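Okay, so here's the structure we're looking at.
Number of protein chains: 2
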Amino acid sequence: MSRPDSSIESLGILRGYPSGTLLFQAGALAAEFFRVVSGGVRVYKTDEQGRELEVARFGPGDFLGEAVAFAGGRYPFNAQAVVQTRALSFNAAHVLRAIETHPGAARFFIELLARKCLLLGGRLESLGLRTVRQRLARYLCANCAGEQVCVVTLGIKKGELARLLGTASETLSRTLRQLQTDGLIEVRGPRIRIKDCARLRVEAGE
Amino acid sequence: MSRPDSSIESLGILRGYPSGTLLFQAGALAAEFFRVVSGGVRVYKTDEQGRELEVARFGPGDFLGEAVAFAGGRYPFNAQAVVQTRALSFNAAHVLRAIETHPGAARFFIELLARKCLLLGGRLESLGLRTVRQRLARYLCANCAGEQVCVVTLGIKKGELARLLGTASETLSRTLRQLQTDGLIEVRGPRIRIKDCARLRVEAGE
DNA sequence: ACCGCCTCTTGACACAGATCAAGGACGCCC
DNA sequence: GGGCGTCCTTGATCTGTGTCAAGAGGCGGT
Numbered sequence: 004m005s006r007p008d009s010s011i012e013s014l015g016i017l018r019g020y021p022s023g024t025l026l027f028q029a030g031a032l033a034a035e036f037f038r039v040v041s042g043g044v045r046v047y048k049t050d051e052q053g054r055e056l057e058v059a060r061f062g063p064g065d066f067l068g069e070a071v072a073f074a075g076g077r078y079p080f081n082a083q084a085v086v087q088t089r090a091l092s093f094n095a096a097h098v099l100r101a102i103e104t105h106p107g108a109a110r111f112f113i114e115l116l117a118r119k120c121l122l123l124g125g126r127l128e129s130l131g132l133r134t135v136r137q138r139l140a141r142y143l144c145a146n147c148a149g150e151q152v153c154v155v156t157l158g159i160k161k162g163e164l165a166r167l168l169g170t171a172s173e174t175l176s177r178t179l180r181q182l183q184t185d186g187l188i189e190v191r192g193p194r195i196r197i198k199d200c201a202r203l204r205v206e207a208g209e
Numbered sequence: 004m005s006r007p008d009s010s011i012e013s014l015g016i017l018r019g020y021p022s023g024t025l026l027f028q029a030g031a032l033a034a035e036f037f038r039v040v041s042g043g044v045r046v047y048k049t050d051e052q053g054r055e056l057e058v059a060r061f062g063p064g065d066f067l068g069e070a071v072a073f074a075g076g077r078y079p080f081n082a083q084a085v086v087q088t089r090a091l092s093f094n095a096a097h098v099l100r101a102i103e104t105h106p107g108a109a110r111f112f113i114e115l116l117a118r119k120c121l122l123l124g125g126r127l128e129s130l131g132l133r134t135v136r137q138r139l140a141r142y143l144c145a146n147c148a149g150e151q152v153c154v155v156t157l158g159i160k161k162g163e164l165a166r167l168l169g170t171a172s173e174t175l176s177r178t179l180r181q182l183q184t185d186g187l188i189e190v191r192g193p194r195i196r197i198k199d200c201a202r203l204r205v206e207a208g209e
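Chains G and U, in that order, are what the protein sequence lines are.
For what it's worth, my numbering labels the leading residue of the first sequence as 4, then goes sequentially.
For what it's worth, my numbering labels the leading residue of the second sequence as 4, then goes sequentially.
Given below as structure tokens:
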């Protein structure tokens, strides 16, 4: 389920993106979409005042930009390589044409888009009716093996995590401390030991 | 582009939903999705404390629930008829099977899902980095003909609009007044005259 | 016309989280 | 080791928005 039809895959052109470069930019016409091969990409939006919201972060195997490319129109967000990244670039029109003759590929992209809708819906819900504390708890739970006691090692900078959670780094810092004071976690740099997974899950609101 | 393949359409079963009844409920297994024929449906989520966020509102011609049904799993939101509503109900597995042999239908659903992703992404951005004032300005602009001066008549109660914008009705009330004080609009009950569309658009942040 | 119900408005207040401003910790390079 | 840049933390303060409480206005029913 994580690989599209190989005849589709062969339509992709492999490209390299040094850390910091943009795969696409908000406002540009969306003719192509991408599949990350190695590295990582963050998708974000900046407002006039420079405040920034990270919509999602993608790693190897993930697709990005496919929704805009299929719908036609302009990218609503920026996509930036966070490390040296390689990605397959697809022309949306070519892929749509190929899909017409490959039912399996159609189904693949339908499920891909459907899952992306669910992802976005989940983030919407988090942002709309959860506090920073709850969102953080949820993030930690999601990245924990589910054991009673486990250690989450952040793969990203705390400032980046803050923007991913839709908050400021200062607030994230304070919230981490608060969870620690409450005996739920123990923070040692980028290493976070979850002392009580069950209780943390309650904090997260399931 | 707004109609699926007729062979797909014929898979739907027409059902009636009195005002207030649920088409589906958060947590239920998603086997089917819907297309509104007449009436209106709001999709929302309630948290433990009773706070509520309206994710989207659908009218005649719109699909809902298709993302969850295609991805498999449980509905993350509730869907409720806001007035007496008729809707076609589709079994997701049947439709997926039909799609395999109808390339046009595949393309239809891909574009449908893609547009839904864009819709959700837009709402995410609004909620994440816009103030209530900006979101309201944006809503008014979107529902205005684009003329220099025009009148928007709210089709929904102000309390409902508030939840759609992700805020409380009291705050909406105050914000409307504020825009009026600033000379951007004139409010007379559910009728809102936009005095300066261009300036309002600036407020909205394009 | 009176009453009850519902929606909307307004005021007072509380609080989460953003912002501003200093440090402090750590790594890296010369 | 000293200096410098980046990231993180902490404190003080400000602001938007939610919440609670009390009317105000409209509308239908009797």
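Where is the CB? At the ideal position from N, CA and C, for every residue including glycine.
Given the structure is predicted, the values throughout are model-derived calculations rather than measurements.
Spatial neighbours of residue i in its chain, beta-carbon cut-off 6 Å, leaving aside the 5 residues before and after
| i | result |
| --- | --- |
| G/A140 | L203, E206, A207 |
| U/A109 | I102 |
| U/G43 | G62, V85, V86 |
Under 8 Å between C-beta atoms of residue i and residue j
| i | j | result |
| --- | --- | --- |
| G/F36 | G/G68 | yes |
| U/V46 | G/L121 | no |
| G/R18 | G/A95 | no |
| U/G64 | U/V39 | yes |
| G/L164 | G/L182 | no |
| U/A31 | U/R77 | yes |
| U/P126 | G/L25 | A quick correction: the sequence has Arg, not Pro, at residue 126 of chain U. Cβ distance not < 8 Å, so U/R126 and G/L25 don't count as in contact. |
| U/I11 | U/H105 | yes |
| G/L123 | U/L168 | no |
Chain-ordered chain U contacts of residue i [CB-CB under 9 Å]
| i | result |
| --- | --- |
| G/I102 | P106, A109, R110, I113 |
| G/P79 | L121, G124, G125, E128 |
Other residues of its chain near residue i: CB distance less than 8 Å, five sequence neighbours each side excluded
| i | result |
| --- | --- |
| G/R195 | The question names Arg, but residue 195 of chain G in the sequence shown is Ile. Cβ within range, chain order: L143, V154, V155, T156, L157, L179, I188, E189. |
| U/P79 | A29, K48, V71 |
| G/A171 | A165 |
| U/L116 | E69, A70, F73 |
| G/N81 | L25, F27, Q28, A29, V46, Y47, K48, T49 |
| U/N146 | V155 |
Chain-ordered chain U contacts of residue i [CB-CB under 7 Å]
| i | result |
| --- | --- |
| G/L116 | I113, L116, A117, C120 |
| G/F204 | Looking at the sequence provided, one finds Arg at residue 204 of chain G rather than Phe. Correct list: empty, because the minimum Cβ distance to chain U is about 14 Å. |
Within chain U, partners of residue i - CB distance below 8 Å
| i | result |
| --- | --- |
| G/L127 | L56, V58, L123, R126, L127, L130 |
| G/L99 | R110, I113 |
| G/G192 | Within 8 Å Cβ-Cβ: nothing; G/G192 doesn't reach chain U, min ~28 Å. |
Partners in chain G for residue i, counting only beta-carbon separations shorter than 7 Å
| i | result |
| --- | --- |
| U/A74 | E114, A117, R118, L121 |
Partners in chain G for residue i, counting only beta-carbon separations shorter than 8 Å
| i | result |
| --- | --- |
| U/G186 | Going along chain G, no residue has its Cβ under 8 Å from U/G186, so there is no contact; the nearest lies around 22 Å. |
Check: residue i C-beta below 7 Å from any heavy atom of the ligand NAD
| i | result |
| --- | --- |
| U/R194 | Absence of the ligand NAD is noted for the structure shown, with no ligands found whatsoever. |
Sequence-distant residues of its chain with Cβ nearer than 7 Å to residue i (five each side left out)
| i | result |
| --- | --- |
| G/V98 | I11, L14 |
task = Would you list, in chain order, the members of the segment 16–40 of chain G that have their beta-carbon closer than 9 Å to a beta-carbon of chain U?
result = none
message = Under 8 Å, with one C-beta from each stretch per pair, do the segment 83–100 of chain U and the segment 123–134 of chain U reach the 3-pair mark?
response = no
Residues of the segment 40–71 of chain U with Cβ closer than 7 Å to any Cβ of chain G, in chain order = K48, D50, E51, R54, L56, V58, A70, V71
ask   = Given a limit of 9 Å on CB to CB distance, which residues of the segment 152–174 of chain U reach chain G?
value = G169
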